[in-house]
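Chains as they are written, first to last, in our numbering: chain A, 125 to 553; chain B, 125 to 553; chain C, 125 to 553; chain D, 125 to 553. Here the structure is laid out as structure tokens; the discussion comes afterwards.
Number of protein chains: 4
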Amino acid sequence: MRVDNVSDPALKQTSEETLMAQYEHVRTQTLRLTESFSAEDMMLQSMPDASPAKWHLAHTTWFFETFLLQPHLAGYRSFDETYQYLFNSYYETVGERHPRPQRGLLSRPPLKEVLEYRSYVDNAMKQLLNSSGVDTNIEAAVTIGLHHEMQHQELLQTDIKHALSLNSYALRLDTNKAVTSVSSHAPQNPEFIPFKGGLSFIGTDAESSFAYDCEQPRHQVFIPEFSLCERLVTNAEWLEFMEDDGYKRPKLWLSDGWATAQQEGWQAPLYWYYQDNQWLTVTAQKREPLDLNAPVCHISYYEADAFARWKGCRLPTEFEWEHAAQSEELSGHFLESGNSLPQPVNNSARGLKQLFGDAWEWTQSPFIPYPGFTTPEGALAEYNGKFMANQWVLRGGSCATAEQQMRSTYRNFFYAHQRWQFTSLRLAK
Amino acid sequence: MRVDNVSDPALKQTSEETLMAQYEHVRTQTLRLTESFSAEDMMLQSMPDASPAKWHLAHTTWFFETFLLQPHLAGYRSFDETYQYLFNSYYETVGERHPRPQRGLLSRPPLKEVLEYRSYVDNAMKQLLNSSGVDTNIEAAVTIGLHHEMQHQELLQTDIKHALSLNSYALRLDTNKAVTSVSSHAPQNPEFIPFKGGLSFIGTDAESSFAYDCEQPRHQVFIPEFSLCERLVTNAEWLEFMEDDGYKRPKLWLSDGWATAQQEGWQAPLYWYYQDNQWLTVTAQKREPLDLNAPVCHISYYEADAFARWKGCRLPTEFEWEHAAQSEELSGHFLESGNSLPQPVNNSARGLKQLFGDAWEWTQSPFIPYPGFTTPEGALAEYNGKFMANQWVLRGGSCATAEQQMRSTYRNFFYAHQRWQFTSLRLAK
Amino acid sequence: MRVDNVSDPALKQTSEETLMAQYEHVRTQTLRLTESFSAEDMMLQSMPDASPAKWHLAHTTWFFETFLLQPHLAGYRSFDETYQYLFNSYYETVGERHPRPQRGLLSRPPLKEVLEYRSYVDNAMKQLLNSSGVDTNIEAAVTIGLHHEMQHQELLQTDIKHALSLNSYALRLDTNKAVTSVSSHAPQNPEFIPFKGGLSFIGTDAESSFAYDCEQPRHQVFIPEFSLCERLVTNAEWLEFMEDDGYKRPKLWLSDGWATAQQEGWQAPLYWYYQDNQWLTVTAQKREPLDLNAPVCHISYYEADAFARWKGCRLPTEFEWEHAAQSEELSGHFLESGNSLPQPVNNSARGLKQLFGDAWEWTQSPFIPYPGFTTPEGALAEYNGKFMANQWVLRGGSCATAEQQMRSTYRNFFYAHQRWQFTSLRLAK
Amino acid sequence: MRVDNVSDPALKQTSEETLMAQYEHVRTQTLRLTESFSAEDMMLQSMPDASPAKWHLAHTTWFFETFLLQPHLAGYRSFDETYQYLFNSYYETVGERHPRPQRGLLSRPPLKEVLEYRSYVDNAMKQLLNSSGVDTNIEAAVTIGLHHEMQHQELLQTDIKHALSLNSYALRLDTNKAVTSVSSHAPQNPEFIPFKGGLSFIGTDAESSFAYDCEQPRHQVFIPEFSLCERLVTNAEWLEFMEDDGYKRPKLWLSDGWATAQQEGWQAPLYWYYQDNQWLTVTAQKREPLDLNAPVCHISYYEADAFARWKGCRLPTEFEWEHAAQSEELSGHFLESGNSLPQPVNNSARGLKQLFGDAWEWTQSPFIPYPGFTTPEGALAEYNGKFMANQWVLRGGSCATAEQQMRSTYRNFFYAHQRWQFTSLRLAK
């Protein structure tokens, strides 16, 4: 997901005090996510899609400096002029940038200086938020900056996990965790929850709370009758797919998916390793036995689609998902729950489970504009729609998503081949 | 468009006599398209997306041999066993294939032998169609084979045009054609036709006439109010876009589109050449001055999208297009009209023009399954949905499309970067 | 080998009559080599290193038109102005060129027209050679043109062989040829012929006969004592290497060679196919059982080097080879012998065998300039030394080399990874 | 240069005490080279050719652990078993390795732990060297280990320089250094020193001092008369070449060189930047004005060759260079002189200057085996000759080379396109 798609939203009604509290909460949460990593870890960039943790720390700070402090805080002086070049992500109107695939070469500025940068900007932001000049435009921009930073919190986690997974030294096996065998954890037969369909309102006009522009405007969609599986697909079910030659039968796959799978040599989800007669997976800290009852994770759209076909089902559309989610409570295993992997479903609960948190759900809906979508003006809103091609919508959030970031209208999006996010699937019929 | 996506349609009610006449008509039309080309021309393959004309001649014939003659004509003996390997396109269940990017290396069998193959199969097909055993299954398969061949007729034309365009010797300037200057052909201000929207039926159940599976089933879609431009965008309008730096302003482009345009060095539509103070384009036979009043052609989805944004408009959805086309007469400049390029609009006509024929219209709809889409059984229907990712729907047909092939529910599809088909755009609001 | 490295040689003393006879001989021989191929075959280009046979026919003709007729035949009118662009190979001073990797797209001009071009130029050349104005400069240029054409004769054969080998239809198994089994053809233990070494004269000053500039000047080289194997390595010996895991042991290989072998998946020489319990190879006309007593052929420098190391030997230097060849008769299986593959050695002969003809011998000498090498002036001599990096010298000629082209000082050169020429090896100690 | 080509040399006669002193000297020198870099800097890997400084620190230590301590120190226990996998470079017999292009992903082990590893191994080495069991085999292996480490000292410097050069933040302009203008520093006309040539002994038998296997055996070469320029080519002369369109004239270049220069967009040596009307270059610490009197540096073989051709000269052979160097004193600006760039020549000196130190000199000699070259046995000597293809010999050492490492027979080697070493040229005739 490109994390800088921002809207010109109607403002969330908060006093400056509350906004200040939110600011401190989000900024502190970001730093907390880096506590277990060294300066060396935080330089890692393992692919152009990903960025170093240090870069995330600086870029989210650059956002407040560029869009809040420089235009709105009188007398503000930049921490370092060259940061403009180093930590811009893709705002063309803001100027030239350090090449994205070379962010891992930024040994300088050192982490220590980036942390000073954060403090420096945080102090100035407090000054700004305490000043008398805070109007709704400023409030809106701060709110966007916080949502922007929450998105980067998730990327920070998935990016460093990817990089560390390539270092066998870093992720040693956690032998304390008990081995999970397949036989003892046969998954139950999940239920499918039926929905009537009909004309449904999708999206939001964001009048009373924050939403990105791509979630807007609220509009009607006709949805035929459908049903959704009560829970996400589990690792145990995915093993059955593998054992039934799911990765070897072209007829189960989209043409582009089959080509990608052959080229990349996919034979299991990302981060699955077979060793000493068991399947292992990794967190950013260690290698551990796979929990067969947990949702499958780190799969591409192509794999999700092939699995659904193998099951005689399909993926839900984003409209079906949102329609179903509208009446559900927004709760689940988010970042705040402290889990580094999606958790097994609570079997005793009824109805739709795991809709929010745990893992993103691939939908069969391409990421395209809603009818009436318009691009906001200004640098902050630059290129709002420019990612609306060749990517697919994911819904619901994951264990790496901040809870405040989530809502039933939220549209995340990635390319069909990407696997390093916490991506899973729910079956539909 | 992948030309072998076929359905298990309800059959078109025709007597054997009629089917025979159709068979002869289509097969003859294919050969007619190759009349001006040599055996050497018909070997050309300029990119993996394209195939040699000789290969198209053989592959369409292989289709009848494999799916009609071998299973249904008692005592039929294959023309040459090795053709199975050479001329299969992508039917995995039918066996191994000659590598697609190396079709241009098939100097053998020679064209002469491929033409004998066509005669041989045509004779056998006549025998089959005259036999008493022709049932509705056979009729359905023949109908599919003919629609399949009509699709290859279009590809044959676009593929050889692409290859010849890379040989400066082949396409010399036609100096008989008068030079068209920009100033004398200023385009008129086109009208936008308004539509009310609402719930609309899209697609077909193909009960009384042929349709591919991807056009099925007929289903309801909610379409908001919209309006469509009365005609296609012209070359003159495209020149304005170019002169206004349309190819140089990233803010007009999708992110993937901008990256592609930079990498490929796009500065004009495919086949545009600037020489001696005028713009030229090519047909498969010659180089000639660009007709500024004709529809722009050979553009990618990315260019169409950027142009629409530049105009303050957007591309239509496939549902808007189909909704508008349902009440229009199916007529236009198709293959049978003998034009090698799309023609200028008839200004005296009223209402929507150029809906059918002339050039395919990019829509903003990704090619995904309709609700309730199902994959038919059997080899003929293999992989019906397997192209439903990362491609975009085009509507309406072109000057290289056989008229019988077209209908308002027809969904063509290509990747967003592809330009060698006769692709154009119509603005929507 | 790049075939246009030409020198400003002292002239071979021939009357115009003889030069005319040579001209006719060489030009006729070129056409004879194409007799068994169709116009379609002669368009094939299977890789950028290779060119279509039709292109070779035209390019060698273009050479005479450009360097003889245009400057020296009064009133000469070019056959077609555009040929200048199409059939120039790499003479930068002569102008722009059609892109080399797209020579296979030249369906036009048709073969028929290229043959007319040859006749047209041949007639004009006869006129020139019969005129009174033929001086030694012209004679020198004609001689170069003929040697140039002989080099293209060899490439024409190896290029079309490569292309046809990729078409399983083209090269069907020749079942008339008896199967050769390994056991019945165990190779004898070859003898090594000792040489004393010392200061030796290498190269030529080309005063009395034609030689390329890279063979000049004659100079002294100190050669330590050495010995050469009496014959080339055989296919039977190569099989032993394969059976002893020669392609699987990195310690036998150069580092670059091992990387190339892994990347390309080499497990045998080019054109070796294992089928029905026997090894087959191909000619340009058919697939046939491998003759185990024949020299191994179509191997890269890397493979030759690994084999020699496996045998506890090494490849000869080009100086050792030339030193040994100076006292040998220039005879062997050349193009004129009509063999499409190298032939088994004549066991009854004594001393060094197969030095000339049959197959080129990789030496361990990089292709670099001799001391005192100078670049001649003028377009014909353009870039004489520009290929003197990263390539290796081969010596002795092959079954596809015209006999008149060969001499003991002749230096052929290719990159270490290239295998499509008739390349073999002789062991040295 | 691959730094692990080692021989089975006759041993340098030293007491254990001396060897211990050498060991301490070399190991300390390595650490000194890293003093100005942070742990983050020492993780940088900017291309597969280069390695992180931390990796160099660990790999050179691994060498002593693997080839000295494990086989020879009774009771030695490895510091960490996984280091075997992480810090092996390319010794196939020693086992699997971490992928070379991903050495930059080794955030763990942290630098701190790698430094502990060095101490741990150093302590064990002292124990070994003080023990009574030190025989000549052990002494030989220690000597190799030290030469190996000196080679890595040079790579450590060039690798980190390359990585930091890609970070504009890291290398800010040093404004203290005065601007050097072209006009005020016109280079003198250098003299060419003549040599008679004849039979000369090249290489060494390494009986009394250390030498790599590729420098052996001593053998005779016939060298024609030649002359060498008294000094290296200067930056001022290189500017003349650039101003005379040296980078734009294909006729000056080798064919492979021209293709590389076009593809890479070369228009000046590596690390030359034009800014504010002056040319700058970089050290590993800063950006500073180019010293026009200093030797040109960071050029490829292709550029060196083109420059020489432009001057009407050529590069020397490695035999000419060694012949000339045999009678010269081994002194110059080496690593110990503390210069981060090659220094201007001392104009008052007579005869050949800058032969040793300052910058490596490309020769026109490919890196191939000397006559009689043999591969030593054992893992330490694994693959001694495996780099003898496609690379070129450089002679003389640079400002990043430890003085003890250099001698007149030393053969360094790199690919013709590589520029990140301290590479320069001396003209020959």
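Every residue gets a Cβ at the ideal spot worked out from N, C-alpha and C, and that includes glycine.
Next item on the list: Just confirm the distance between the C-beta atoms of B:P314 and B:R355, as a whole number of angstroms; I'd bet it's less than 8 Å.
Entry: Taking a contact as a CB-CB distance under 8 Å, the pair B:P314 and B:R355 counts as one, their CB atoms being some 5 Å apart.
Note to self: Rounded to whole angstroms, what is the Cα-Cα separation between D:N536 and C:S175?
What the structure shows: C-alpha separation (whole angstroms): 38 Å.
Next item on the list: Run the CB neighbour count on A:H149, radius 10 Å, all protein chains shown included, and call it buried at 16 or more, exposed below.
Entry: Result: exposed.
Check: Counting only runs that start and end within the region 214-288 of chain D, where is the alpha helix (DSSP H) found for 4 or more residues in a row?
Finding: Counting only unbroken stretches of 4 or more residues, the alpha helix (DSSP H) elements lying wholly within the region 214-288 of chain D are 235-254, in sequence order.
Item checked: CB contact flag (C:M144, C:L253, <7 Å) -> Between C:M144 and C:L253, the C-beta spacing is below 7 Å.
Item checked: Bridge partner(s) assigned by DSSP for B:H343 -> Paired residues: B:I326.
Notebook entry, point to check: Along chain C, in chain order, which residues have C-beta atoms closer than 7 Å to that of D:I492?
Noted result: Within chain C, the residues Q488, P490 have their CB atoms less than 7 Å from the CB of D:I492, given in chain order.
Notebook entry, point to check: In terms of residue numbering, what span does the alpha helix (DSSP H) encompassing B:R433 cover?
Noted result: From DSSP, the alpha helix (DSSP H) with B:R433 extends over 425-434.
Checklist line | C:N417 - partner residues in DSSP beta bridges | finding: Bridge partners of C:N417: none, in fact.
Check: Is the Cβ of C:F334 closer than 7 Å to any Cβ of chain D?
Finding: The beta carbon of C:F334 does not come within 7 Å of any beta carbon belonging to chain D, so the residue lies off that interface.
Check: C:L230 CB to nearest chain B CB: under 7 Å?
Finding: Contact with chain B is found for C:L230, since one of that chain's Cβ atoms lies less than 7 Å from the residue's Cβ.
Next item on the list: Please report how far the alpha carbon of A:H309 lies from the alpha carbon of A:M512, in whole angstroms.
Entry: In this predicted model, A:H309 has a pLDDT of only 45, less than 50, meaning its place in the structure is not dependable enough to derive any value.
Notebook entry, point to check: Using 8 Å as the Cβ pair cut-off and three pairs as the minimum, do the region 390-402 of chain A and the region 439-453 of chain A touch?
Noted result: Touching, no, given that fewer than three Cβ pairs across the two stretches are closer than 8 Å.
Notebook entry, point to check: Is it right to say B:M171 is buried, meaning 16 or more other beta carbons lie within 10 angstroms of its own, or is it exposed?
Noted result: With fewer than 16 Cβ atoms within 10 Å of its Cβ, B:M171 is classed as exposed.
Margin query: Using C-beta distances below 6 Å, list every residue in its chain close to C:F203, excluding the 5 sequence neighbours before and after it, in chain order.
Written below: If you ignore the 5 residues before and after C:F203, its C-beta comes within less than 6 Å of the C-beta of Y241, Y244, all in its own chain and listed in chain order.
Checklist line | As assigned by DSSP and simplified to three states, the class of A:Q399 | finding: Assigned with DSSP and collapsed to three states, A:Q399 falls in strand.
Item checked: CB contact below 7 Å: B:L378 versus chain A -> Under the Cβ criterion of 7 Å, B:L378 is counted among the residues facing chain A.
Next item on the list: Quick one: give me the first and last residue of the alpha helix (DSSP H) that C:L192 is part of.
Entry: If you look at C:L192, you'll find it isn't in any alpha helix (DSSP H); DSSP assigns it neither H nor E.
Margin query: Using the Cβ count rule (16 or more neighbours within 10 Å means buried), how would you classify B:Q277?
Written below: Under this definition B:Q277 is a buried residue.
Margin query: For the region 378-411 of chain D, list every residue whose C-beta sits within 8 Å of some C-beta in chain A, in sequence order.
Written below: Against chain A - using a Cβ distance shorter than 8 Å - the region 378-411 of chain D contributes no residues.
Next item on the list: Would you mind stating whether A:E485 and A:R438 have Cβ atoms separated by less than 7 Å?
Entry: No, Cβ-Cβ distance for A:E485 and A:R438 is not below 7 Å.
Next item on the list: Return the chain-ordered list of same chain residues with a C-beta closer than 6 Å to the C-beta of B:L210, the five sequence neighbours on each side being excluded.
Entry: Result list for B:L210: H222, in chain order.
Margin query: Could you check if A:V238 belongs to the surroundings of the ligand PLP, using beta carbon to heavy atom distance under 6 Å?
Written below: The ligand PLP is not among the ligands present in this structure, which contains no ligands whatsoever.
Margin query: With a threshold of 8 Å, are at least 3 pairs of Cβ atoms found where one atom belongs to the region 225-238 of chain D and the other to the region 153-173 of chain D?
Written below: The way I'd put it, the region 225-238 of chain D does touch the region 153-173 of chain D; three or more beta-carbon pairs between them come closer than 8 Å.
Margin query: What does the alpha-carbon distance come out to for the pair B:S305 and B:N359?
Written below: No answer about B:S305 holds up, because its pLDDT of 41 lies below 50 and its placement is not dependable.
Note to self: In whole angstroms, give me the CA-to-CA distance for D:P225 and D:L279.
What the structure shows: If you take the alpha carbons of D:P225 and D:L279, they lie about 16 Å apart.
Note to self: By the DSSP assignment, the beta strand (DSSP E) with B:Q529 in it spans what residues?
What the structure shows: Taken as a continuous stretch (DSSP letters only), B:Q529 belongs to no beta strand (DSSP E), as it is neither H nor E.
Next item on the list: For A:S472, count neighbouring Cβ atoms within 10 angstroms of its own Cβ and tell me buried if that reaches 16, exposed if not.
Entry: The residue is exposed, with fewer than 16 neighbouring Cβ atoms inside 10 Å.
Note to self: If we define contact as Cβ-Cβ less than 7 Å, is D:A513 a contact residue for chain C?
What the structure shows: Closer than 7 Å: yes.
Margin query: Once the 5 residues before and after A:P234 are set aside, which same chain residues still bring their CB inside 6 Å of it?
Written below: Within the same chain, no residue comes within 6 Å of A:P234 by CB-CB distance, once the 5 residues on both sides are set aside.
Checklist line | Segments of 4+ residues assigned as alpha helix (DSSP H) that fall wholly inside the region 145-178 of chain B | finding: Runs of the alpha helix (DSSP H) inside the region 145-178 of chain B: none found.
Checklist line | Proximity below 7 Å, CB of D:V546 to CB of D:S522 | finding: Inspection of the sequence shows that residue 546 of chain D is occupied by Phe rather than by Val. Less than 7 Å separates the beta-carbon of D:F546 from that of D:S522.
Check: How big is the Cα-Cα spacing for C:M274 and C:P493?
Finding: Straight-line measurement puts the Cα of C:P493 at about 23 Å from the Cα of C:M274.
Next item on the list: Answer with buried or exposed for A:F334, where buried requires no fewer than 16 other C-beta atoms within 10 angstroms of its C-beta.
Entry: Classification of A:F334: buried, given that the 10 Å Cβ count is 16 or more.
Check: Nearest to C:S292 by CA position, among B:E501, B:E205, B:I284, B:G269, is which residue?
Finding: Looking at the Cα atoms, B:E205 is the closest of the given residues.
Margin query: Please return the same chain residues whose Cβ sits closer than 7 Å to the Cβ of A:L394, not counting the five positions on each side in sequence.
Written below: Within its own chain, the residues whose Cβ lies closer than 7 Å to the Cβ of A:L394, once the five positions on either side in sequence are excluded, are H422, R543, W544, listed in chain order.
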